[in-house]
Ligand code: SIN
């Protein structure tokens, strides 16, 4: 199927005068310092100069927020073929089998390598402790700090990165655009807090910017997850696919006024029940796997139950579990709940679904190559083909790790064979008629967008809701896209509107229900749609 061609609006978000801004030269530029970006950096030959630019602090990434763990066959009673089959079953006939086999085979080696980098996984009787999550036929999820796996893995990787003198990390440095020349990626325009707009020229660029959960009102993601990498790759001409597939996590803490905090699937993996507001344990009415059915099933069941009971949430019940298990396995979730006066071992915990993981993204191959020469990508910003239409729990850190390493390896080899020549003759083209951002309240528009996406492009979609979303997003885009913003919130808004357009166009095209994409007007899976929907900028 040919890609859908979509008007990208302006090629570059901002004007620059190359004679007036600083230029930096490096061998490899990595955009994003989560698990994929950090692991990529460690794969770059130390003879090469590497710069990692990070929009926020490393603690603000989806990688660092990850709770449940990282999946891999580490128990002799399990088998790699089980991990492969579980991943394929979750993906509902849309995974790339060859790639799934590669990832599941590589998983144990990459987890052991993390241990060599210093990651301290939780243990039981001297062995790695393994938990279960939805869709896994065996206990194969390794975890750390009880329920803060991402924090511990990032600590180990960041410390390994800091020990490499050839790698510099710049935090609080958003990327505005990739710079391309004759279709090849040459670097990026970034914003630096000391010098403002800055051009970084790089022989090879790795995109590892993470997700886009903030396009939706309810999300587990940090505020920085605004789909920037998806948007800037699209403007640079990259092919994106599966943009209709946003995964909704079933259990996000729902307390009015409180931040939407993830309550890990591992809580259900250790035996917690889901109950409705009448105290009924309802999952048996929806799926034989009960609370550990695939995430899309559980999210839809919860939404249905909220409607049927006319209540704004459902409840996680851990009261039948041992207090010592709860304390040991979920120290951080316990602490957050306690800050709202809730005791996991006594109280029912209010939860409902929220946008969690962007399955769609920049199309990459087994070696993390994108369709744009000199541009590699890894992690949540990509669509590698691992997840199909529904990601298996705890396969995301794994994907970031394996394809981060692949991107680092590929970029390193390519940069080593490139001479030290940089073309400084490039000027981003711009339209001198651009309006300014002075009369626009970007925060207000961002909130309206997130509410619209939650209502119309959320867990349940239809031709009607998608049409409504398209009309509004197109209208907002018309007066936002061609302005020149001076602040991060404005650039984020422009990126979010573009990514929303890509999601809506893809969701309109997929006239069936599959995995996380559920259409009330086409509730069945249709074999005619066992294919990827891709999007590309109309140039
Ligand atoms: C969780 O802990 O429930 C999230 C893990 C994941 O998204 O894979």
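Residue numbers (my numbering): -17 to 521.
All residues carry an ideal CB built from backbone N, CA and C; glycine is no exception.
Whole-angstrom C-beta distance between residue j and residue i, which should lie under 8 Å
| i | j | result |
| --- | --- | --- |
| residue 231 | residue 336 | 6 Å |
| residue 99 | residue 48 | Going by Cβ atoms, the distance from residue 99 to residue 48 rounds to 16 Å, so no, they are not a contact pair. |
| residue 50 | residue 376 | 5 Å |
| residue 386 | residue 138 | Rounded, the Cβ-Cβ distance is 14 Å, inconsistent with contact. |
| residue 355 | residue 165 | 7 Å |
| residue 342 | residue 491 | No, residue 342 and residue 491 are not in contact; Cβ-Cβ is about 12 Å, not under 8 Å. |
| residue 326 | residue 300 | 5 Å |
| residue 276 | residue 372 | 6 Å |
| residue 271 | residue 264 | Not confirmed; about 14 Å, so no contact. |
| residue 52 | residue 131 | 6 Å |
| residue 12 | residue 32 | 6 Å |
DSSP three-state assignment for residue i, whether helix, strand or coil
| i | result |
| --- | --- |
| residue 7 | strand |
| residue 37 | coil |
| residue 359 | strand |
| residue 93 | helix |
| residue 333 | strand |
| residue 343 | strand |
| residue 109 | strand |
| residue 150 | strand |
| residue 131 | helix |
| residue 271 | coil |
| residue 516 | strand |
| residue 465 | strand |
| residue 243 | coil |
| residue 81 | helix |
| residue 523 | Missing from the structure shown is residue 523; the chain here goes from -17 to 521 and no further. |
| residue 298 | strand |
| residue 262 | coil |
| residue 311 | helix |
| residue 123 | strand |
| residue 257 | strand |
| residue 21 | helix |
| residue 327 | coil |
| residue 29 | coil |
| residue 418 | strand |
| residue 76 | coil |
| residue 87 | helix |
| residue 306 | helix |
| residue 496 | strand |
| residue 222 | strand |
Limits of the alpha helix (DSSP H) - the one that residue i falls within
| i | result |
| --- | --- |
| residue 439 | Note, residue 439: premise wrong, no alpha helix (DSSP H); not H, not E. |
| residue 102 | Unbroken run through residue 102: none, as it is neither H nor E. |
| residue 489 | 470 to 491 |
| residue 459 | 445 to 462 |
| residue -6 | It is not in any alpha helix (DSSP H) - residue -6 carries neither H nor E in the DSSP assignment. |
| residue 184 | Element bounds for residue 184: not the alpha helix (DSSP H) but the beta strand (DSSP E), 178 to 189. |
| residue 572 | The structure shown does not extend to residue 572, since the chain spans only -17 to 521, so no value can be given for it. |
| residue 210 | 210 to 217 |
| residue 68 | 62 to 73 |
| residue 114 | Careful: residue 114 lies outside any alpha helix (DSSP H) and carries neither H nor E. |
| residue 385 | 378 to 398 |
| residue 46 | 44 to 47 |
Span of the beta strand (DSSP E) around residue i
| i | result |
| --- | --- |
| residue 171 | 166 to 174 |
| residue 230 | 228 to 235 |
| residue 157 | 157 to 163 |
| residue 422 | Note, residue 422: premise wrong, no beta strand (DSSP E); not H, not E. |
Quiz item: Is it true that the region 237 to 252 meets the region 270 to 287, where meeting means three or more beta-carbon pairs spaced less than 8 Å apart?
Solution: Short answer: they touch.
Quiz item: With contact counted as at least three CB pairs below 8 Å, one residue from each stretch, are the region 4 to 17 and the region 66 to 85 in contact?
Solution: no
Practice problem: Decide yes or no for the touch test of the region 29 to 49 against the region 203 to 216: beta carbon pairs closer than 8 Å, at least 3 of them. | Solution: yes
Quiz item: Is it a yes or a no for the region 211 to 222 touching the region 446 to 466, going by three-plus beta-carbon pairs under 8 Å?
Solution: no
Self-check item: Touching by the beta-carbon criterion (3+ pairs, under 8 Å), the region 380 to 399 and the region 70 to 78
Solution: no
Quiz item: Three or more C-beta pairs closer than 8 Å, one from the region 454 to 461 and one from the region 216 to 224: is that the case here?
Solution: no
Exercise. Evaluate the contact criterion for the region 424 to 442 versus the region 486 to 504: three or more CB pairs, one atom per stretch, below 8 Å.
Key: yes
Exercise. For the region 115 to 125 and the region 60 to 69, state whether three or more C-beta atom pairs, one from each stretch, are separated by less than 8 Å.
Key: The region 115 to 125, when compared against the region 60 to 69, does touch it at the 8 Å Cβ threshold.
Practice problem: Indicate whether the contact test is met: 3 or more Cβ pairs, each with one atom in the region -14 to -4 and one in the region 358 to 374, closer than 8 Å. | Solution: no
Quiz item: Would you call the region 309 to 322 and the region 167 to 185 in contact, with 3 or more CB pairs under 8 Å?
Solution: no
Exercise. Say whether the region 145 to 152 touches the region 305 to 312, bearing in mind that this needs 3 or more beta-carbon pairs closer than 8 Å, one atom from each stretch.
Key: No: the two stretches stay apart, fewer than three of their Cβ pairs being nearer than 8 Å.
Quiz item: Pairing CB atoms from the region 283 to 297 with CB atoms from the region 94 to 112, are three or more of them under 8 Å?
Solution: no
Quiz item: Using 8 Å as the threshold, is the region 387 to 398 in touch with the region 346 to 357, meaning 3 or more CB pairs across them?
Solution: yes
Practice problem: Determine contact between the region 421 to 440 and the region 193 to 201, defined as no fewer than three beta-carbon pairs at a distance below 8 Å. | Solution: yes
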